[in-house]
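Comments concern the structure below.
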Amino acid sequence: MTVRDVFTGVRWYLREVSGETAYDRYVEHRRRDHPDEPVMTRRAFERARQDEREARPQARCC
Numbered sequence: 085m086t087v088r089d090v091f092t093g094v095r096w097y098l099r100e101v102s103g104e105t106a107y108d109r110y111v112e113h114r115r116r117d118h119p120d121e122p123v124m125t126r127r128a129f130e131r132a133r134q135d136e137r138e139a140r141p142q143a144r145c146c
């Protein structure tokens with residue numbers, strides 16, 4: 085295993101844990117399953133995610 089492999093793995097893990105890949109998965113889903121519909125910008129997507137979290141405060145631990 086090289087240093088590059090370790091770095092790639094750590095980067096992947098941190099992006100998954102932080103939710104950074106959520107937008108990438110959203111775009112992939114929209115383009116695959118709804119190709120004729122528009123895709124939200126990252127900013128709009130993050131705003132919608134935040135609004136959803138705030139609408140359901142019981143889903144959080146704190």
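Residue numbers for the sequence shown follow my numbering, so the first one is 85 and each next one is one higher. C-beta atoms are modelled at their ideal positions from N, C-alpha and C, and glycine is treated no differently. Because the structure is a prediction, the values reported are computed rather than measured.
In its own chain, which residues sit with a C-beta less than 6 Å from the C-beta of residue i, not counting the 5 before and 5 after it?
i, result
"threonine 105", "Arg99"
"histidine 113", "none"
Below 8 Å on the Cβ atoms is my guess for residue i versus residue j; work out the distance and round it to an integer in Å.
i, j, result
"valine 123", "arginine 133", "About 15 Å; that fails the 8 Å criterion."
"arginine 88", "tyrosine 107", "At roughly 25 Å, the Cβ-Cβ gap does not stay under 8 Å, so arginine 88 and tyrosine 107 are not in contact."
"tyrosine 110", "phenylalanine 129", "6 Å"
Quick one: what's got a C-beta closer than 7 Å to residue i's C-beta in the same chain, skipping five residues either side?
i, result
"glutamate 121", "Arg114"
"tryptophan 96", "none"
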